[in-house]
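Residue numbers (the working numbering): 99 to 689.
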């Protein structure tokens, strides 16, 4: 497990205190000094035989983690029986109902099959940290071997590298041989999905190397499919017109490149993900001596080449670099930047300026930043410039107007609010990308995370941030916060842009951009007020009777196991003016 995937708060109840003994029961408030005593208690008092379920289902490490998080989520968050799904008024009724499970499946699927249960339900759940080292217990028999564990932990980039090297590793002559071995697997998975079921198992001892090849090959194929779809989408001219028409975006880059002659004059520039080549054209216009425009979409690489040629800026590749003179300085290379040196001669650390418009929705969607960091580490001169050089994610609470609910309340005089409610329920699982108007922001803004692109590592793309949201001081009446909206800002700072700095902001308070904002909707809205009043102590914090004075939140954003996607978890606690608190279970989003 990766802690950066976010630890999560336990249920809509008041914050508690003592954390010792360490292990909290899955069903009640009892705590234990060891996992053995905890699971014995669960078996005797709650009819839940953890080791029996693990044994019966053949659960591996990850399956056991998902089982624990599933049970906690059902009991603590929804007052449900974990096995039959019956819902009760309170947790005590659930405990009285618990029984030995008749089945672990529903609709032909294991109850805890969803990968969302890999993420901790409870903040700092010591049970999850201890389960991996609990193999001394004779009942604990995880089925995952070391190779499987390593495969699950490998990043997409590492899988791609492994796949590139596997042919040389064992002398496989062609892909047909790999495919023959693939057909023999009983179950092979990529990103947790079963790809094939056959009956003839491999002889593990005789085919260990082929096993490693096939698994890596299948994973890398899945990544290739995602990349092909991603770069193929950028072959559509519509998306490029949208980006070029985004005046905030294009003017910020143009200003940084054109208005900093001391940086660009006679510089060697690398443009990562050039698209139409607009940034390369700006760099050439600013006086760069050489511009290498890298584009992974075959169609757009051809288009960028033609555009550079039509504007008299395409370099003659038959000439040596030192013989290339005048304005013809742009070389367009069709490849991913990770493979650039296989396609064109680039002096080691020979780039003066690295420029890229890599940002996606919520800043990190599309995961192109990792390619920019690769280019920085492999091609940029020491002290060379990366543009932009900083990026910051901000957030604020939004009101009902930031949802689609008002639209459906009255459609040509008809009440269609049932549609709005269903859309709101979906939005509590999948973030929405849309424009939020400034008047719909109901809290002050908070900075979530800052990236220094000149120094950050790829691992730092995953982050967790804790922050507070206060009601806007100009709104004294009671307001409802329906969720958190995120936006980003990138800067071309004086570190590299000495003559003219530039800012690209996607804030709701700034001119609109094609990125819009990313909206994370709460499962239930939280009442807020700036007025200190005598609240109803019997009412839950965040309700109309006891509005909160502050929302405390923690958000984790990480690269998803699905290539080029991101996962986010948001924990929310409402704090009353008297200091009382109410927390909600974390919400998991995928973008």
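Glycine residues also receive a C-beta, built at the ideal position from the N, C-alpha and C atoms.
Q.
If contact is defined by three or more beta carbon pairs under 8 Å, each pair taking one atom from either stretch, is the segment 395–410 in contact with the segment 443–455?
A. no
Q) Is there contact between the segment 610–627 and the segment 369–381, where contact requires at least three CB pairs shorter than 8 Å? A) no
Q: Kindly indicate which three-state DSSP category residue 527 falls into: helix, strand or coil?
A: coil
(Q) From the DSSP secondary-structure annotation, give me the bridge partner or partners of residue 458. (A) Answer is 461.
**Q.** Distance between beta carbons of residue 518 and residue 82, contact taken as under 8 Å
**A.** A question about residue 82 goes unanswered here, because the residues of the chain that appear run from 99 up to 689.
Q | Exposure label - residue 669; buried when at least 16 CB within 10 Å | A | Buried, because 16 or more other Cβ atoms sit within 10 Å of the Cβ of residue 669.
Q.
Report the CB separation of residue 488 from residue 550 in whole angstroms; it is logged as a contact under 8 Å.
A. In this structure residue 488 is in contact with residue 550, their Cβ atoms being roughly 6 Å apart against a cut-off of 8 Å.
Q: Give a yes or no on whether the C-beta atoms belonging to residue 652 and residue 515 are separated by under 8 Å.
A: no
**Q.** Buried or exposed (CB count within 10 angstroms, at least 16 for buried), residue 475
**A.** By the beta-carbon neighbour count (other beta carbons within 10 angstroms, threshold 16), residue 475 is exposed.
Q.
By the three-class DSSP mapping on this structure, what secondary structure does residue 405 have?
A. In the structure shown, residue 405 sits in a helix (DSSP, three-state: H, G or I).
Q: List the whole-angstrom C-beta distance separating residue 477 from residue 368, where the pair is believed to meet the contact cut-off of C-beta under 8 Å.
A: 6 Å
(Q) Using DSSP's beta-bridge definition, name the partner residues of residue 202. (A) Beta-bridge pairing links residue 202 to no other residue.
Q | Best match in 579, 210, 525 for proximity to residue 172 [C-alpha to C-alpha] | A | If we check each option's Cα against that of residue 172, 210 comes out closest.
**Q.** Beta bridge counterpart(s) of residue 579 as assigned by DSSP
**A.** 624
Q. With residue 399 and residue 600 assumed to form a contact (beta carbons below 8 Å), what rounded beta-carbon distance in angstroms separates them?
A. That belief does not hold up - the Cβ atoms of residue 399 and residue 600 are roughly 27 Å apart, past 8 Å.
**Q.** Inter-residue spacing [alpha-carbon to alpha-carbon] between residue 184 and residue 685
**A.** Near 22 Å, if we compare the C-alpha coordinates of residue 685 and residue 184.
Q.
Along the chain, where does the beta strand (DSSP E) containing residue 490 start, and where does it finish?
A. Per DSSP, the unbroken beta strand (DSSP E) holding residue 490 starts and ends at 488–496.
Q. Do the CB positions of residue 460 and residue 584 come within less than 8 Å of each other?
A. Taking 8 Å as the Cβ cut-off, residue 460 and residue 584 qualify as a contacting pair.
Q. What number of angstroms, rounded off, separates the C-alpha of residue 579 from the C-alpha of residue 216?
A. 29 Å
Q: Could you have a look at residue 133 and say whether DSSP puts it in helix, strand or coil?
A: In this structure, residue 133 counts as helix in the three-state DSSP scheme.
Q | Stretch-stretch touch, CB-based, cutoff 8 Å, three pairs: the segment 627–647 with the segment 439–447 | A | no
Q. In this structure, does DSSP put residue 688 in helix, strand or coil?
A. strand
**Q.** Span separating the alpha-carbon of residue 616 from that of residue 154
**A.** Rounded to whole angstroms, residue 616 and residue 154 show a C-alpha spacing of 43 Å.
Q: Within the same chain, show all residues whose beta-carbon is closer than 6 Å to that of residue 642, passing over the 5 residues directly before and after it, in chain order.
A: Excluding the 5 residues flanking it on each side, residue 642 has same chain C-beta neighbours closer than 6 Å at 625, in chain order.
Q: With a cut-off of 8 Å on the beta carbons, I'd call residue 370 and residue 431 a contact; round off their distance for me.
A: Incorrect: roughly 11 Å between the Cβ atoms, too far for contact.
(Q) Any beta carbon from chain B within less than 8 Å of residue 549's own beta carbon? (A) This model lacks chain B altogether, as it is built from one protein chain only.
(Q) Looking only at its chain, what residues have a beta carbon closer than 7 Å to the beta carbon of residue 199, apart from the 5 residues adjacent to it on each side? (A) 181
Q.
Between the alpha carbons of residue 157 and residue 151, how many angstroms are there, rounded?
A. 8 Å
Q) Taking buried to mean at least 16 other C-beta atoms within 10 Å of its own C-beta, is residue 501 buried or exposed? A) buried
**Q.** Rounded straight-line distance, which links the Cα of residue 588 to that of residue 345
**A.** 15 Å
Q: Within the same chain, show all residues whose beta-carbon is closer than 8 Å to that of residue 426, passing over the 5 residues directly before and after it, in chain order.
A: 410, 411, 412, 413, 414
Q. So, helix, strand or coil for residue 681, using DSSP?
A. In the structure shown, residue 681 sits in a strand (DSSP, three-state: E or B).
Q) Whose CA, out of 129, 189, 688, lies closest to the CA of residue 464? A) 688
Q: Tell me whether the beta-carbon of residue 166 lies closer than 8 Å to the beta-carbon of residue 122.
A: no
**Q.** Exposed unless 16 or more other CB atoms sit within 10 angstroms - verdict on residue 495
**A.** buried
Q: Inspect the beta-carbon positions of residue 594 and residue 485 and report whether they are closer than 8 Å.
A: yes
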